[in-house]
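Notes for the one structure printed next.
In the UniProt record's numbering, the protein residues as written are 1 to 569.
Following this line, the structure appears as structure tokens:
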């Protein structure tokens, strides 16, 4: 009988049992990944009472849930970490790209250093939340019937919590594993191939794999460089990518082909995501430039695969989609691994999965028996973590119903009808195209500044204007339409989940421009309905004064229009 694996440690929202007492706090944070941990630390500094609810049994977010063979981050040391001195001064990674085991140790280090767990409730799933405009308070429900009340609700649920499993016939309760060729598929296949397992990799659209150039890192090496971490972290926040890397300074078309290739060779040798973020900006906006980049990549990778059939499936000579418009996967000898005799490529363009059986998978042309099947089929990315919760706006509408025809946020931080609720690392912010920690810190710092400003100005709550949300959505899509991203079906565009609106889900203007835009809105509460508290503070007789502020013009917040070459990531 075939076993299935798809993060089997993940339980549903009905599986946990927790006491149903009431929790009260100024700030309630939902999610215990990097966003939630940084938010706990930040809001404590405002001397606010803070609680955190986490579905898992400990901190870690995506790295708590994802423990499959080969799972590791694609941000290099030291850039996948918080810029809190007491954290980074006392922590050293052992690899350039840490794996999930070491990342869990990192989160334990953050917890111990900042003393976070005392204000966290683990094994607690938030099932719903609703705001009361009379007393300006959120009521938050949990899976066991418990209720929490807070003034500020921080949704730090991440972009990759809700898994997407295709509707295969007769899966039943069988356990699964390797269907899919995104980052998970690449990591799992190369890990299992090295163990001499007989691996069948089911692939419809191959990943574009970039060389990881993994290496060990010593504590002495990091101690030597640690004095520069502060300036590196600060510089990263001033870039588009959230890394202290700079893109090529000249236009693709102004550089002779020989010099372009010299740059690409240098970026290839550096490894990591340099071929994406340190490249010519036109790679993601110009079809001719993109094709040249693909041809370079194929020329580097095709000779690594001896089997001609596998080579043509994984690295076709004809460009399969625009380079970079699906998230590239960092690989560590992946192409050599799939070239081994113990790895078979099942081309899902030539056959299809009909159903799962007790012994394996029935294809359109044959049946294959397996001991284990792995689903590496991805997530309902970016929005799914929010829409699976019963978040109800002040008019009684569910968030999932409001977003059936498209996602509407303001600044990627707030949603009309959900006062005093703030999202961290959520939709329509730079999450898919910038390094996670600087994005998290930029957003949490903004929310903390907003909360402080509200308290200083006697504001009961703020609510994003619908006009502002519509303008922000239009801006997100306009930026995307200047690029090649809409040309490709990917989770960037919400295209991996049937029935999900096809739209750009992330901000493409770069982290630096995003930070300037959000700061501009905060200065005068631009784009918000501001409700002031004019009472003596008691919730029973609170009176409010409302003032609707204008809509920020995101395309000219820095005093200029966003141009295609320099301001689209």
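Cβ coordinates follow ideal geometry from the N, Cα and C atoms, glycine included. Since the model is a prediction, treat every value here as computed from it, not as a measurement.
- Message: Are the CB atoms of residue 88 and residue 77 within a distance shorter than 7 Å?
- Response: If you number the chain shown from 1, residue 77 lands on position 77. If you number the chain shown from 1, residue 88 lands on position 88. Not a contact, by the Cβ cut-off of 7 Å.
- Out of 277, 340, 190 and 313, point me to the one whose CA is closest to residue 203's CA. Your numbering for residue 203 matches position 203 in the chain shown. Of the listed residues, the one whose Cα sits closest to residue 203 is 313.
- Taking residue 444 as part of the alpha helix (DSSP H), name the residues at either end of that continuous run. Sequence index remark: in the chain shown, residue 444 carries index 444 (1-based). It spans 436-456 - the alpha helix (DSSP H) in which residue 444 sits, taken as one unbroken run.
- Within 10 angstroms of its Cβ, does residue 221 collect 16 or more other Cβ (buried), or is it exposed? As a position in the chain shown, residue 221 is number 221, starting the count at 1. Under this definition residue 221 is an exposed residue.
- Task: Decide if residue 41 is buried, meaning its Cβ has at least 16 other Cβ atoms within 10 Å, or exposed.
- Result: Residue mapping note: residue 41 aligns to position 41 of the chain shown, counting from 1. Residue 41 comes out buried.
- Task: Have a look at the DSSP bridge pairing and note the partners of residue 461.
- Result: In the chain shown, the residue the question calls residue 461 occupies position 461. Residue 461 pairs with 531.
- Message: Looking at the secondary structure, which residues open and close the beta strand (DSSP E) in which residue 127 lies?
- Response: Sequence index remark: in the chain shown, residue 127 carries index 127 (1-based). Start and end: 126-132.
- Query: So what does residue 367 bridge to, in DSSP terms?
  - Reply: By one-based count along the chain shown, residue 367 stands at place 367. Its beta-bridge partners are 362.
- Message: Does chain D have any CB closer than 7 Å to the CB of residue 155?
- Response: Among the protein chains of the structure shown there is no chain D, as only one such chain exists.
- Query: To the nearest angstrom, how far is it from the Cα of residue 162 to the Cα of residue 391?
  - Reply: Indexing the chain shown from 1 puts residue 162 at position 162. Indexing the chain shown from 1 puts residue 391 at position 391. Bear in mind that the predicted position of residue 162 carries a pLDDT of just 48, short of 50, making it too unreliable to give a figure here.
- Message: I want to know whether the segment 178-198 touches the segment 261-276 - three or more CB-CB distances under 8 Å.
- Response: Touching, no.
- Message: Relative to the C-alpha of residue 85, which candidate in 354, 148 and 228 has its C-alpha closest?
- Response: Taking the chain shown and counting its residues from 1, one reaches residue 85 at position 85. Of the candidates 354, 148 and 228, the one whose C-alpha sits nearest the C-alpha of residue 85 is 228.
- Item | Cβ pair residue 501, residue 237 closer than 7 Å | Indexing the chain shown from 1 puts residue 501 at position 501. Indexing the chain shown from 1 puts residue 237 at position 237. No. Outside cutoff.
- Message: Using only the alpha-carbon positions, how far apart do residue 545 and residue 475 sit?
- Response: Within the chain shown, the letter at position 545 stands for residue 545. Within the chain shown, the letter at position 475 stands for residue 475. Caution applies to residue 545, whose pLDDT of 48 falls short of 50 and renders its modelled position unreliable; the model cannot decide the point.
- How would you call residue 301, buried or exposed, if buried means at least 16 neighbouring beta carbons within 10 angstroms? Position 301 of the chain shown, counting from 1, holds the residue named residue 301. Classification for residue 301: buried.
- Query: Out of 147, 81 and 404, which has the shortest C-alpha to C-alpha gap to residue 497?
  - Reply: Position 497 of the chain shown, counting from 1, holds the residue named residue 497. Shortest Cα-Cα distance from residue 497 to any of 147, 81 and 404 involves 404.
- Collapsed DSSP secondary structure at residue 34 in the structure displayed: Position 34 of the chain shown holds residue 34. Helix at residue 34.
- Message: Can you look up residue 157 in the DSSP assignment and give me helix, strand or coil?
- Response: Within the chain shown, numbered from 1, the residue matching residue 157 stands at position 157. Residue state, collapsed to three classes: coil.
- Message: Using only CA atoms, which one of 148, 231, 116 and 256 lies nearest to residue 79?
- Response: The residue labelled residue 79 in the question sits at position 79 within the chain shown. Of the listed residues, the one whose Cα sits closest to residue 79 is 231.
- Can you tell me whether DSSP reads residue 150 as helix, strand or coil? Numbered from 1 along the chain shown, position 150 holds the residue referred to as residue 150. Strand.
- Task: Enumerate, from N- to C-terminal direction, the unbroken beta strand (DSSP E) stretches of 3 or more residues contained entirely within the segment 40-103.
- Result: Fully enclosed beta strand (DSSP E) runs of 3 or longer: 50-53.
- Message: Give me, in chain order, the residues of the same chain whose beta-carbon lies closer than 8 Å to that of residue 51; leave out the 5 immediate sequence neighbours on both sides.
- Response: For this step, residue 51 is matched to residue 51 along the chain shown. The residues are 23, 25, 27, 28, 29, 119, 120, 121, 148 and 150.
- Query: Given residue 116, which residues of its chain have a CB within under 8 Å of its CB, disregarding the five upstream and five downstream residues?
  - Reply: Sequence index remark: in the chain shown, residue 116 carries index 116 (1-based). The residues are 37, 40, 41, 52, 59 and 110.
- Query: Relative to the C-alpha of residue 345, which residue among 484, 332 and 311 is closest?
  - Reply: In the chain shown, the residue the question calls residue 345 occupies position 345. That would be 311, whose Cα lies nearest to the Cα of residue 345.
- Just checking my contact of residue 199 with residue 31 at CB under 8 Å: how many whole Å lie between their CB atoms? One-based indexing of the chain shown puts residue 199 at position 199. One-based indexing of the chain shown puts residue 31 at position 31. Not quite, the Cβ-Cβ distance comes to about 34 Å (not below 8 Å), so this is no contact.
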